[in-house]
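What follows is a short report on a single structure.
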Amino acid sequence: AARKQRALARRKAFSLFVKGKEVPAAARCPAGGEGVRWRCCRQAFEELSGIHRHVALQHAGDIGPQAGLTAKEAAAEVSPSSGPAPAGNADGLHGHSCGSPEISCMLPDTRRVSYEDLTSNVGEVLLYYCYCEVKDPEKLSAWQKALCQHLHLTGKVRVASEGINGTVGGSKIATNLYIEVMLSQPLFKDILCREDFKSSAGGAHCFPDLRVGVFKEIVPMGIDPKKVSYKETGIHLSPREFHREVEQYLSQASQGQSDTILLDCRNFYESKIGHFQGCLAPDIRKFSYFPSYVDENLELFKDKRVLMYCTGGIRCERGSAYLRSKAVCREVYQLKGGIHKYLEEFPDGFYRGKLFVFDDRYSICSNEDIISACRYCGTLWDQYKLCSSQHCRQLVLTCPSCRNKGLTACCPVCQEKELKVTSRASGQTLKEECECTRRRPRVPIEHVSQRMLDAGK
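And the structure:
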């Protein structure tokens, strides 16, 4: 009986997974033909046998966790001792404990929601994180994958023993259900609240797929969380408090009297298209370079008040903890909720330009300022595209006029390499190199006097 139940659960999970990859009828071939009926992993399928074969070969690992949840749910429904749903569940939710009081495997009830509404392209992208102690990251990861698939969400979710970090996209109904279930999760009780979810216009189409996994850190700084803990973070400032601090800093800096550093914790390509006025924006390519940047520039931070900010706040949690561990700063503050929350309250405040996001949109806009330029002609431009060279993953700012001239690579090296690749026989590869990364120091050393002179600009 147990074997039959498991087999039935697996078939149901398989069917639900395939159902989640369906292309809405309105988006299919209009001339009477069915056309593409399923999409998965950037592939299109017209026949049921094709999508079945693909899912069986490529997504067996995704089906397993969902099947386990389905089997547990079925067992709970027929069990006379299952009783009512746990107290505190959000209205419209169903589910039961996975056996651990810390993690509930609750999935929302979507039976009253139409498939069209659940998979609508008109939706939003959520950005959130929660630092907390997770005893079983694998179980949390499996539940997250099942939850996102159930709601037809795409995006990225990182789980670790120190918490969870996610950015997911879907319809408004799906993202609202996701928030409700997350707030009902006992693991996040009294830690995560609705205000911790940052939202922007978008949807499932903003990501190519769904990626959920277990990692050592929920944001990759490259430092063991046991050595530098999120519990040692800087002082959180609300957007309004941060706004007042920046206002005071800019006023003092213009008179050459400031003892404060306004520090952007993001990567160079993020701050390039948008940043706070008068900030120090390190020319680093990855957040994992941030600790080395701090180590190489300790003199810069000595006896200073540091105001830190990033996209949604998560990098500041670990970044401020690392900076505080060096015991050189007078005070370390961070913007709670990041730029996202600041722009909700001050769309025309001290942050100018676009906000870079890690999905297919690349950026979101809150004001009309363009602070960056085309890489080739210098005209104002702030819309990123991937370098056209197949061996390069750099982002490039190239305006429509220059793109029409064929200038679509991030640098002359890649532009020439692309021409060579297209003229060579297939199968031949060129060395992966790029002028952009070759001439950028991995960890830049700031010149204190010049930086202080430029602080008020």
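Numbering-wise (UniProt numbering), the sequence shown opens with residue 1 and increments by one. Every residue gets a Cβ at the ideal spot worked out from N, C-alpha and C, and that includes glycine.
Contact check, residue i vs residue j, beta carbons under 8 Å
i    : j    : result
E446 : N297 : yes
C365 : T379 : no
C316 : C265 : yes
S171 : G123 : yes
F207 : D369 : no
M221 : F301 : no
V168 : C193 : no
C411 : C374 : no
S184 : M106 : yes
E247 : L237 : no
F276 : F350 : yes
I51  : K21  : yes
L126 : A204 : no
E46  : R37  : yes
R393 : I371 : no
P239 : Y129 : no
I235 : K354 : no
E344 : S389 : no
P108 : V23  : no
Endpoints, beta strand (DSSP E) assigned at residue i
i    : result
H340 : It is not in any beta strand (DSSP E) - H340 instead sits in the alpha helix (DSSP H) that spans 338-345.
Q43  : 43-45
G50  : Here G50 belongs to no beta strand (DSSP E); instead the alpha helix (DSSP H) covers 48-58.
H275 : 274-276
G353 : 351-353
D264 : 260-264
Those residues which DSSP pairs with residue i across a bridge
i    : result
R158 : N165, G213
C130 : I164
A373 : L380
H391 : Looking at the DSSP assignment, H391 forms no beta bridge with any residue, so it has no partner.
Q334 : H236, M308
V328 : Looking at the DSSP assignment, V328 forms no beta bridge with any residue, so it has no partner.
S363 : F356
V125 : G169, S200
L397 : Y384
L118 : L118 is not bridged to any residue.
L153 : Beta-bridge pairing links L153 to no other residue.
L280 : L263
Opening and closing residue of the alpha helix (DSSP H) in which residue i lies
i    : result
I179 : 172-184
D382 : Per DSSP, D382 belongs to no alpha helix (DSSP H) and is neither H nor E.
K198 : It is not in any alpha helix (DSSP H) - K198 instead sits in the beta strand (DSSP E) that spans 198-202.
R244 : 239-253
I191 : Premise fails: I191 is in no alpha helix (DSSP H) and is neither H nor E.
C40  : Note, C40: premise wrong, no alpha helix (DSSP H); beta strand (DSSP E) at 38-40.
Y322 : 314-325
F268 : 268-271
D295 : 290-296
G20  : 2-20
S141 : 137-150
S401 : 400-404
Inter-residue CB distance, residue i and residue j (contact presumed, cutoff 8 Å)
i    : j    : result
G312 : G338 : 4 Å
K326 : V357 : Their Cβ separation, rounded to whole angstroms, is 30 Å, which puts K326 and V357 out of contact at 8 Å.
L386 : L397 : About 12 Å separates the two Cβ atoms, so there is no contact after all.
E162 : I223 : That pair is no contact at about 12 Å.
Y322 : V228 : 5 Å
V113 : I173 : 6 Å
D382 : S363 : 7 Å
key: the stretch 176-183 contacting the stretch 237-256, beta-carbon criterion three pairs below 8 Å   = no
query = Quick check: the stretch 112-122 against the stretch 156-165, are there 3 or more CB pairs under 8 Å?
reply = no
message = Under 8 Å: do the stretch 304-311 and the stretch 327-337 share three or more Cβ pairs, one atom per stretch?
response = yes
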